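Numbering (this note's numbering), first residue to last: -15 to 233.
Glycine residues also receive a C-beta, built at the ideal position from the N, C-alpha and C atoms.
Values in this document were obtained by computation on a predicted structure and should not be read as measured data.
Have a look at the structure below before the remarks.
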Amino acid sequence: MKTVMFYNQKGGVGKTSIAVNFAYLAASEGFRTLLWDLDPQASATFILRGDDNDAPKASKIVSEEYSLDELAIGSNYPNLFLLASSLKMRLFAEKLAESKNPRRRLSRILDSTKDEFDLTVIDAPPNLTDLSETVISAIDMVVVPLQPSPLAIRSSQVMIEHLESIGLSDKCVALYNMVDQRRIGHRLAITNEEPVGRIPKLRSYIPYSADIEKMAISREPLPVISLTSKSSVAMKGLYNEISNLIYSR
Ligand SMILES: Nc1ncnc2c1ncn2[C@@H]1O[C@H](COP(=O)(O)OP(=O)(O)O)[C@@H](O)[C@H]1O
Ligand SMILES: [Mg+2]
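In structure tokens:
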């Protein structure tokens, strides 16, 4: 089983929108996929039409009595499962930190489900703090969405430098989201080959698109809203690029 997390300490950069589509696209290709909504704001849960009652208590996730597939629910889509979130998930970091070796416990939690799922996609909360290092060390890949504006790039660089200082930046790739081709700064950012704070930048990027905002209104992944819109085509290209990277590791 492979694990990928969409992560940036900044909110509103597209982690949830992209995680939901990535998980949906993997599932639509036949991979049994678990989308783990780790954010107490529960936006991914909302888009996939889950609610508070679907969300397990954080202590159940951390305890070894249940495997993630027992705590997950199905979705409206074949092969796509959701570990739903609610405010209860805000206790996850604390509960995990109580275990003797949080990193090993998290690896075990993920392993408990490796026969059930081919892929786990984690939608991270913005303020993952101490937990981020534990999660990143236990998974295969971290995708950092960011807007291609100078200040957003700078704040992501600071975060990436920190991950580098603790030896965790190797798993990270940067992804430009909300790209507006009318803005010269955006055009430059997507066409240059420069890494973002020394982590490689994906070739794919996601344009600014009203369709992405519609996901939270119709509560559906982008390819269900439209398969042919520019943003949906970009999302599929992104899915292909990331999955090639994950499976080549
Ligand atoms: N490429 C995009 N184009 C237009 N709106 C976007 C795009 N990506 C995300 N959004 C919108 O920006 C807001 C924040 O996105 P979200 O995925 O919730 O970010 P995060 O999970 O990082 O907080 C949402 O309203 C979402 O619909
Ligand atoms: Mg989010």
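In the DSSP assignment, find the alpha helix (DSSP H) that holds residue 217 and state where it starts and stops.
-> From DSSP, the alpha helix (DSSP H) with residue 217 extends over 214 to 232.
Just to check, is the beta-carbon of residue -1 closer than 8 Å to a non-hydrogen atom of ligand 2?
-> yes
Any non-hydrogen atom of ligand 2 within 8 Å of residue 24 CB = Result no, Cβ not under 8 Å from ligand 2.
Would you mind listing the alpha helix (DSSP H) stretches within the region 9 to 38 that are 4+ residues and don't spill past its ends, in chain order?
-> 27 to 31
Three-state class that DSSP yields for residue -13 in the structure shown = strand
Assigned secondary structure, residue 45 (DSSP; H/G/I helix, E/B strand, else coil) = In the structure shown, residue 45 sits in a helix (DSSP, three-state: H, G or I).
Grouping DSSP H, G and I as helix and E and B as strand, with all else coil, what is residue 185?
-> strand
Considering residue 199, what are the terminal residues of the alpha helix (DSSP H) in which it resides?
-> Neither: residue 199 is in no alpha helix (DSSP H) and is coded neither H nor E.
Unbroken alpha helix (DSSP H) runs of length 4 or more, entirely within the region 113 to 176: which are they?
-> Fully enclosed alpha helix (DSSP H) runs of 4 or longer: 113 to 122, 134 to 149 and 168 to 175.
For residue 194, does the count of other Cβ atoms within 10 angstroms reach 16, so buried, or fall short, so exposed?
-> exposed
Would you tell me roughly how many angstroms separate the C-alpha atoms of residue 40 and residue 219, rounded to the nearest one?
-> 30 Å
Drop a sphere of 10 angstroms on the beta-carbon of residue 150, count the other beta-carbons inside from all chains shown, and report buried for 16 or more, exposed for fewer.
-> exposed
Close-in-space but distant-in-sequence residues of the same chain around residue 198 (CB under 7 Å, 5 per side omitted) = 209
Contact test: residue 158 Cβ vs ligand 1 heavy atom, cutoff 8 Å | no
Closer than 8 Å: residue 28 CB and nearest ligand 2 heavy atom | yes
Rounded to whole angstroms, how far is the Cβ of residue 87 from the Cβ of residue 118, which I believe are closer than 8 Å?
-> Right, their Cβ atoms sit about 5 Å apart.
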